[in-house]
Structure formats: structure tokens, C-alpha cells
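One structure is given here, and the rest of the page talks about it.
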Amino acid sequence: MNLSIVEYPDKRLREISQEVSSFDADLHRLLDAMYPLMIETNGIGLAAIQVAHPIRALILNIPNEEGEQPDENLLEIINPVITHKEGETVYQEGCLSVPKFYEDVSRYERLILNYQDRDGNTQTLEADGLLSIAIQHEMDHLEGILFIDKLSYSRRKKFEKEYKRMQKERKKV
Ligand code: Y12
Ligand code: CO
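First residue of the sequence shown: 94, per the numbering used here; consecutive thereafter.
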């Protein structure tokens with residue numbers, strides 16, 4: 094399966110992703126193709142909508158203390174629902190769909206998540222730190238929300254100007 098990352102301002106990123114009901118070979122093929130793409134592009138999280146598949150599926154592999162992302166740490170999260178959230182944390186986020194841009198975003202510090210795995214089994218996960226932040230960032234994608242939507246008005250204006258300039262430069266190359 095040949096996938097590529099959909100980049101802002103592509104409108105497809107604004108779609109609401111649909112619940113997954115078939116945990117079949119098509120879903121497995123998509124997840125299997127998303128993972129190498131995420132690793133090759135230095136990502137730690139990727140939602141299916143970022144590769145033009147508007148379904149409620151996302152993958153995460155949070156680097157360990159050595160900065161490595163061993164395959165066994167891959168999390169495949171389908172139909173996630175946050176059942177508990179608490180605290181506040183601020184982290185400088187980036188997104189594969191908004192290349193070369195990083196900005197502080199406020200998120201819940203800790204959460205409890207219910208989700209399904211690739212076989213449709215229900216799972217529960219308690220998360221804090223970077224994992225909690227990444228889950229919230231990726232779950233926003235399922236609602237068509239990007240981290241840049243959370244910036245202040247003036248910061249967002251500055252971003253739009255910088256991003257447009259950067260896109261012009263990229264087109265020249
Ligand atoms: C904390 C904050 C945000 C997340 C969501 C997942 N975000 C990413 O995985 C971001 C990846 C990323 C990778 C980049 O590197 C390359 O594209 C080679 C990057 O740099 C450039 O665009 C040049 C930007 C973002 C999880 C946890
Ligand atoms: Co993102």
C-alpha cells in the first residue's frame with residue numbers, strides 16, 4: 094500500500110474520522126503501511142486521516158530513554174475514548190502534517206483511554222507525560238483538529254505567514 098502524508102492546508106485534514114467496525118485485512122494492511130511511513134519520517138504518532146483514510150485509527154511509538162522506537166513499543170489504537178483526564182501540561186508539539194513547525198500546546202497531564210486493538214479487542218491504557226500528550230494530539234486529528242488551531246490569534250497569524258513563505262520556498266526547489 095502506497096501512502097503519503099497529507100499536509101496542511103489540505104482540507105482532507107478537516108474531515109471527521111469514522112468509527113471502525115471491520116477489523117479485517119484492509120485495516121491491518123493500512124496499519125502495516127502507516128508504521129514504516131511514520132518511522133521513516135521521524136514521527137512518533139500518526140492518525141489514519143493523515144494518510145487520507147478518515148477512520149478512527151492511530152498509531153504511536155514514543156521514543157524510550159535512548160531515543161529509540163523499538164517495534165514492540167508500537168501502539169495501534171482504534172476507536173479511542175478518553176474516560177478520565179486530569180492535570181495540565183504544556184509541550185512543544187510538532188505534526189507530520191504541519192512540517193517544520195513546533196509550538197507550545199496545553200494538554201491534560203494524565204488520562205485513561207479505552208480503545209480497540211487491530212483485532213477489535215477492548216483495551217484500557219493509563220497514560221501520562223509524552224504518551225498522554227501524543228494521544229490527545231492524535232485524537233484531535235480524528236475530529237479534524239490540528240495543534241495549530243490551539244494557538245493564540247497572534248501566534249496563528251504569524252504561523253500562517255511563515256508557513257506560506259516556507260511553502261513557496263519548497264515549490265521553488
Ligand atoms: C508530542 C507532540 C506531538 C505529537 C504528535 C506526533 N507528532 C510527530 O510525530 C511529529 C513529527 C515530526 C517529524 C519531523 O521530522 C521530519 O519530518 C523528518 C518534523 O520535522 C520537519 O518537518 C522538518 C516535524 C514533526 C506527539 C507527541
Ligand atoms: Co499531527
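By construction, the Cβ of each residue, glycine as well, lies at the ideal position given by its N, Cα and C atoms.
Which residue or residues does DSSP assign as beta-bridge partners of residue i?
i, result
"Asp-221", "Arg-203"
Ends of the beta strand (DSSP E) at residue i?
i, result
"His-177", "168-179"
"Glu-186", "182-188"
"Leu-120", "Counting along the chain, Leu-120 falls outside any beta strand (DSSP E), though it belongs to the alpha helix (DSSP H) covering 118-133."
What does a CB cutoff of less than 8 Å around residue i pick up in its chain, not counting 5 residues either side in sequence?
i, result
"His-230", "Gly-138, Glu-186, Cys-188, Val-198, Arg-200, Phe-240"
"Leu-284", "Outside the shown range of the chain, which is 94 to 266, sits residue 284, and nothing can be said about it."
"Met-131", "Ile-137, Gly-138, Leu-139, Ile-152, Asn-154, Leu-189"
"Arg-211", "Phe-116, Leu-120, His-121, Leu-124, Glu-169, Ile-171"
If you run the structure through DSSP and keep just helix, strand and coil, what is residue i?
i, result
"Ile-152", "strand"
"Tyr-246", "helix"
"Ala-145", "coil"
"Leu-239", "coil"
"Asp-197", "strand"
"Gln-229", "helix"
"Leu-139", "strand"
"Gln-111", "strand"
"Gln-216", "strand"
"Gln-162", "coil"
"Tyr-256", "helix"
Taking 8 Å as the threshold (C-beta atoms), are residue j and residue i in contact?
i, j, result
"Asp-220", "Leu-204", "Looking at the sequence provided, one finds Ala at residue 220 rather than Asp. Yes, they are a contact pair."
"Leu-218", "Leu-235", "no"
"Tyr-184", "Ile-228", "no"
"Glu-253", "Pro-192", "no"
"Phe-194", "Tyr-246", "no"
"Gln-111", "Ile-148", "yes"
"Glu-158", "Thr-182", "no"
"Leu-96", "Ala-126", "yes"
Counting only the same chain and skipping the five closest in sequence on each side, list residues whose C-beta sits under 6 Å from that of residue i.
i, result
"Gly-237", "Arg-107, Glu-108, Ile-109"
"Val-174", "Asn-207"
"Leu-223", "Ile-155"
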